[in-house]
Amino acid sequence: MPLALVVSLGATTFDAVAMQDGWAALDRVAVLGFDGVELAVRDPREVDGARLRDHCARLGLPVVAIGTGQAYLHEGLALAAPEAGIRRAASERLRQHIGLASILNAIPGAPPAGVQVIVGLIRGKAGEARARAETWLREGLRPVLDAAGEAGVGVVIEPVNRYETDFLNTVEETVAVIERMGPPHLGVLADTFHMNIEEASIEESLRRAAPYLRHVHVADSNRRAPGLGHLDFRRILETLQEVGYRGYLSAETLPYPDPEGAARQTVDYLRSLQAAISGRRRIS
Ligand code: LER
Ligand code: MN
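Residue numbers for the sequence shown follow my numbering, so the first one is 4 and each next one is one higher.
This is the structure we're talking about:
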């Protein structure tokens, strides 16, 4: 499975992003040996998509996904907000993200289902009214999915742990929404950090998500780079292989001990696990 690193194009208060110096980070991500990059983008209208596409193509670094959570964290945009104006603005912003994704989708090496636009924190919170929140989520996502279909890119909903939202914490809840809305342009993003908190079994939940699994975030139990906590990444990688996952493993980790150290640890550790797994396969 190819590896990507999450990079923020602008400064952010979100802490689990190893590098946040934008364009400068892209060159380092390529040099460190990642196969792709995931970009966290608050407002795509502030990004020169064509220039970014050409720059990444020159580096041989496909953009595999676009994170949108900064629109929630810094501006309060949310698909399930009680205020209709905020819901509309969140949906409109996600369409801007789809527009950027469709430009970046032209970089060679894009994922099989196209660049994935992530619905993480931008879904908002449900509060007392879970059913109403889902109705609003579906209303806001409908035009986003139409645009994604036309552009040949995807949208993924990410189950996020209970300390960050009360709405769609588990794979099961998220898959249920996707099945009610109907794929094909809507899938699941599985994040090992959130799964460690919410899922009874990470492996079983990956199997449950498999038909809809379009993107994976990797971070260890403490949100440091893989190998620096107590998650069993060997089993996680084996399970992903078994279920036929063909997308990227995108590292969304704390910059611990520092940005380069986190990135290096991710590449070294995951590549050595992958080599060990394929070595064992060849022998048996
Ligand atoms: C984002 O991918 C994430 O994992 C959340 O914690 C915040 O959106
Ligand atoms: Mn994540």
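Think of the CB as a built atom: it goes at the ideal place given N, C-alpha and C, for glycine as much as any other residue.
Taken atom to atom, the span from the alpha-carbon of Tyr166 to that of Val9 is near 21 Å. By a beta-carbon distance limit of 8 Å, Val120 does not contact Leu140. Their separation comes to about 14 Å.
Under the DSSP assignment, Val20 falls outside any alpha helix (DSSP H); it carries neither an H nor an E label. Close to the ligand MN, as judged by a C-beta nearer than 5 Å to any of its heavy atoms, are the residues Asp194, His220, Glu255, in chain order. Per the Cβ contact rule, the stretch 183-197 is in contact with the stretch 205-223 (3 or more Cβ pairs under 8 Å). At least 8 Å separates the beta-carbon of Pro65 from that of Gly25. Considering only Ala213, Phe236, Arg217, the residue with the shortest C-alpha distance to Ser224 is Phe236.
When the Cα atoms are used, Arg56 and Ile110 turn out to be separated by approximately 6 Å. With 16 or more other CB atoms across the displayed protein chains lying within 10 angstroms of its CB, Glu161 is buried.
The straight-line gap separating the alpha-carbon atoms of Tyr272 and Leu35 is approximately 13 Å.
Residue burial is scored here from C-beta neighbours: Arg54 has fewer than 16 other C-beta atoms within 10 angstroms and is therefore classed as exposed. Assigned with DSSP and collapsed to three states, Asp149 falls in helix. Within the chosen limit of 7 Å, the ligand LER reaches the beta carbon of His197 through at least one heavy atom. Boundaries cannot be given for Ala222, as no beta strand (DSSP E) includes it and DSSP labels it neither H nor E. Here Ala81 is near Gly127, since their CB atoms are less than 8 Å apart. In this structure, DSSP gives Gly79 a state outside helix and strand, which the three-state scheme calls coil. By the beta-carbon neighbour count (other beta carbons within 10 angstroms, threshold 16), Ala266 is buried.
Our two residues, Ala21 and Gln277, have alpha carbons roughly 22 Å apart in a direct line. Under the three-state reduction of DSSP, Val191 is assigned to strand. Look at Val158: its beta carbon is at least 7 Å from all of the heavy atoms in the ligand LER. Taking the C-beta atoms as reference points, Val156 is found nearer than 8 Å to Val118. At a Cβ-Cβ threshold of 8 Å, Gly123 and Gly52 do not count as neighbours.
Annotated three-state conformation of Ile121 is strand, per DSSP. Rounded to whole angstroms, the Cβ separation of Gly152 and His188 is 5 Å, and the two are in contact under 8 Å.
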